[in-house]
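Just below is one structure, and these are the notes that go with it.
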Amino acid sequence: ARLAPEVPFESTYGDPNIPNLQVTGLLPYHEGKDAISKAAVYLCTTRETFGIGTLEAMAAGVPVVGWAWGGQREIIEHRKTGWLCPPGDFGGLIEGIKWALQNRKRVGARARAAVKQHWTWAHRMRDYVTLYERLVEEKAQRQAGPTVSVVTACYNLAQYLPDTIASLQAQTMPNWECIIVDDASPDDTAEVAAALAAQDPRIKVVTNEQNLYLAGTLNSGIEAAKGRYILPLDADNMIEPWTLEVLARSLDEDRGVDIAYGACRFVLEDGITRDTSVSPDGVSSWPPEFSFRAQMQHKNQIPSTCMYRREAWERSGGYRRRCRTAEDAEYWTRVTSLGFVPKRVTSRPTLIYRQRDDSMSRVVPDWDWTAWFPWSRHMNLVPFGVEERPPARLNDGITWAVSSYEPAKIAVIIPVGPGHQGLVIDALDSLEAQTYRQWECIVVNDTGEPLTVPHPWVTVIDTLGQEGPGAARNAGIAASKAPLFVPLDADDFLQSDALELMIAVWERDGGVVYGQWWDDKADGISLWDPPEYDAKLLVTKGCIHAVTALYPKSAWAAVEGFDPTISHWEDWDFQIKLAHIGVCGTKVSEPLWTYRKLTGTRREANFAAFEQGKEA
1 ARLAPEVPFE STYGDPNIPN LQVTGLLPYH EGKDAISKAA VYLCTTRETF GIGTLEAMAA
61 GVPVVGWAWG GQREIIEHRK TGWLCPPGDF GGLIEGIKWA LQNRKRVGAR ARAAVKQHWT
121 WAHRMRDYVT LYERLVEEKA QRQAGPTVSV VTACYNLAQY LPDTIASLQA QTMPNWECII
181 VDDASPDDTA EVAAALAAQD PRIKVVTNEQ NLYLAGTLNS GIEAAKGRYI LPLDADNMIE
241 PWTLEVLARS LDEDRGVDIA YGACRFVLED GITRDTSVSP DGVSSWPPEF SFRAQMQHKN
301 QIPSTCMYRR EAWERSGGYR RRCRTAEDAE YWTRVTSLGF VPKRVTSRPT LIYRQRDDSM
361 SRVVPDWDWT AWFPWSRHMN LVPFGVEERP PARLNDGITW AVSSYEPAKI AVIIPVGPGH
421 QGLVIDALDS LEAQTYRQWE CIVVNDTGEP LTVPHPWVTV IDTLGQEGPG AARNAGIAAS
481 KAPLFVPLDA DDFLQSDALE LMIAVWERDG GVVYGQWWDD KADGISLWDP PEYDAKLLVT
541 KGCIHAVTAL YPKSAWAAVE GFDPTISHWE DWDFQIKLAH IGVCGTKVSE PLWTYRKLTG
601 TRREANFAAF EQGKEA
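Numbering (UniProt numbering), first residue to last: 1 to 616.
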């Protein structure tokens with residue numbers, strides 16, 4: 001109101017001493033509705049998730065002006081059905097008010113038409129009916145198949161496989177299928193599995209062309225599974241006769257439980273003799289009742305063999321292939337962080353665990369599978385929806401974080417080219433692991449094929465197919481809403497504090513912010529330390545830093561983005577153009593991301609072209 005003294009304002013709260021502002025105080029609903037319908041412009045700067053007030057104004061033919069956040073961005077089409085500007089841009093807000101006043105009749109008519117076309121109760125109910133019908137159909141399809149899919153990964157364990165299958169065939173619940181996945185095993189797994197499948201139609205065999213390790217093998221089996229519940233079972237372990245019935249019944253009876261398990265019985269390598277070093281009957285006190293806090297403290301609470309709803313696997317994106325061991329601990333941490341609820345539903349043993357000296361869990365050292373979850377170190381970042389609250393004595397009374405609608409400051413742009421579809425999940429996980437939370441993510445699908453990702457916060461846009469990284473990055477940056485951006489190749493991933501470190505330096509120095517990185521090659525990992533910024537080096541030495549850095553979107557626009565016609569070193573060209581307009585860089589002396597050099601990728605072609613250029 002102070003910025004536009006010639007415009008009269010009316011508000012339920014504010015400073016009554018402002019001459020052109022009439023403060024009404026809180027109004028009853030019918031009076032507020034009447035005031036909105038008679039307004040020339042409806043000014044909405046609240047962070048509503050939906051925006052009922054906005055819809056009421058539009059339905060009354062009143063143009064809406066407000067911040068581009070919350071539900072406003074979904075409802076209003078800028079300069080067509082209303083006006084949106086970046087939060088805090090009061091100059092833009094005044095410009096929008098004046099624009100709306102000048103075009104009130106035309107904009108109001110468009111706004112009312114948009115509400116009638118998309119936002120009536122009839123439209124909403126039709127959407128709900130469509131969703132309900134789809135869910136009913138999906139449920140019917142699930143119930144038509146087996147109740148439980150047991151997925152058994154097998155690598156060099158053929159000698160134990162018959163015992164595992166025999167424990168399945170002894171189940172009191174017969175409605176199961178078993179997917180045996182031969183993980184390119186060099187022993188006679190293929191022959192043993194085929195013989196077992198020939199004897200029981202509930203058994204199917206999937207063969208991996210190459211060794212995918214346990215995480216990839218479990219994913220292969222679950223992809224082929226038809227059951228609504230999944231139970232992973234290692235090829236050297238067994239289950240008690242009541243296991244499937246008890247666990248499936250607990251999931252059927254309690255929709256609030258997503259992961260069901262019982263106790264573990266430990267036996268010696270012969271598969272029969274109980275391990276009395278654990279207890280007289282071999283039954284361990286582990287696993288305990290699930291504790292999210294304990295899980296975050298690197299204490300896995302859930303056995304690898306339990307029964308869970310297929311939705312948990314689908315929603316989480318499955319087991320992570322980067323996990324050569326402890327893939328189950330990482331998986332349970334991920335799905336419980338998403339709000340899926342585990343429960344020890346019985347004190348009876350449901351898993352028979354065979355103790356072997358050469359088992360993977362004993363031979364390969366453990367690793368920090370909590371590292372990809374920032375809330376394991378910063379409890380104030382724990383996602384809303386987990387079961388526990390942080391005790392005041394441990395966490396100073398900090399409560400769980402609930403996502404706000406503060407606008408993103410950084411857009412992470414991830415182009416995905418051919419061959420990188422399976423790698424992008426690590427890049428996305430590394431973004432979800434950031435300690436700095438005001439970001440958005442644009443994945444640009446440049447493969448020419450459909451691309452799906454499990455992360456619901458990702459915006460996926462499609463190119464026409466194989467347009468190249470320069471064009472793909474430009475498309476993603478153009479679609480972003482944040483004032484800053486970080487390009488990240490699909491086969492790389494960020495360190496968890498990367499965005500926090502970069503934006504702190506940018507707020508101090510501006511320009512481009514880059515840093516060190518981990519160079520991950522077949523022969524090991526090493527630290528790559530680029531030089532301090534010197535524009536002269538761009539001409540004499542090539543790229544000063546990698547393309548993964550923090551850039552202002554305004555600078556990208558000023559140089560017209562990456563050159564899409566350049567097949568190699570478009571990032572070098574981009575750095576030169578930025579230096580030409582005075583946008584220079586600041587180095588962070590910390591590793592910010594990991595560069596994975598994979599054979600047969602575009603990077604090898606880039607380096608070959610660079611060397612040929614030097615020879616010429």
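Even for Gly, the Cβ is constructed at its ideal location relative to N, Cα and C. Note that this is a predicted model, so its numbers are computed, not measured.
If you check the CB distance, residue 65 and residue 100 come in under 7 angstroms.
Assigned with DSSP and collapsed to three states, residue 354 falls in strand. Comparing C-alpha distances from residue 313 to each of 582, 253, 220 shows the shortest one belongs to 220. Straight-line spacing of the CA atoms in residue 489 and residue 440 works out to 16 angstroms.
Contact annotation: residue 271 and residue 354 have beta-carbon atoms nearer than 7 angstroms. Here the alpha carbons of residue 98 and residue 6 stand approximately 11 angstroms from one another. Only buried fits residue 216, as 16 or more other CB atoms lie within 10 angstroms of its CB. One thing to note: residue 285 has its Cβ no nearer than 7 angstroms to the Cβ of residue 239. Residue 36 sits buried, since 16 or more C-beta atoms from the chains shown fall within 10 Å of its C-beta.
The alpha helix (DSSP H) runs lying completely inside the UniProt domain "Glycosyltransferase 2-like" (424-523) and spanning 4 residues or more are 424-432, 469-479, 498-509, given in chain order.
Judged by DSSP secondary structure, residue 125 falls outside any beta strand (DSSP E) and instead within the alpha helix (DSSP H) spanning 121-144. Sequence-distant partners of residue 163 (beyond 5 residues in either direction) whose C-beta falls short of 7 angstroms from its own C-beta, in its chain, are 238, 271. With 16 or more other Cβ atoms from the protein chains shown falling within 10 Å of its own Cβ, residue 369 counts as buried. DSSP lists 66 as the beta-bridge partner residues of residue 84. For residue 418, same chain residues with a beta-carbon under 6 angstroms away, outside a window of 5 residues either side, are 447 in chain order. In the three-state scheme derived from DSSP, where H, G and I count as helix and E and B as strand, residue 213 is classed as helix. The DSSP-derived three-state label of residue 571 is helix. The region 240-318 contains, as complete alpha helix (DSSP H) runs of 4+ residues, the segments 243-253, 292-296, 310-316 (chain order). For residue 173, the three-state secondary structure derived from DSSP is coil. Annotation: residue 435 to residue 34 spans about 45 angstroms, alpha carbon to alpha carbon. Here residue 198 is exposed, its C-beta having fewer than 16 other C-beta atoms within 10 Å. According to the DSSP assignment, residue 332 belongs to the alpha helix (DSSP H) that extends over 327-337. Note: residue 593 is bridge-paired with 494, 517 in the DSSP secondary-structure output.
Relative to residue 226, the option among 139, 130, 459 whose CA is nearest is 139. For the pair residue 259 and residue 247, the Cα-to-Cα distance works out to about 9 angstroms. Burial check for residue 183: the Cβ neighbour count within 10 Å reaches 16 or more, so the residue is buried.
Assigned with DSSP and collapsed to three states, residue 22 falls in strand. Across the structure, residue 213 and residue 55 are spaced so that their CA atoms are roughly 52 angstroms apart. The beta carbon of residue 142 lies closer than 6 angstroms to those of 228 in the same chain, with the five residues before and after it left out. The C-alpha of residue 278 is placed about 33 angstroms away from the C-alpha of residue 203. With fewer than 16 neighbouring CB atoms inside 10 Å of its own CB, residue 565 falls in the exposed class. Cβ-Cβ separation between residue 151 and residue 181: approximately 7 angstroms, consistent with a contact (criterion under 8 angstroms). The residue from 589, 588, 558 with its alpha-carbon nearest to that of residue 574 is 558. Of the other Cβ atoms in all chains shown, 16 or more fall within 10 Å of the Cβ of residue 309; this residue is therefore buried. The count of Cβ pairs closer than 8 angstroms, one atom from the region 75-95 and one from the region 422-436, stays below three, leaving the stretches out of contact. Looking at the DSSP output, residue 11 shares a beta bridge with 23.
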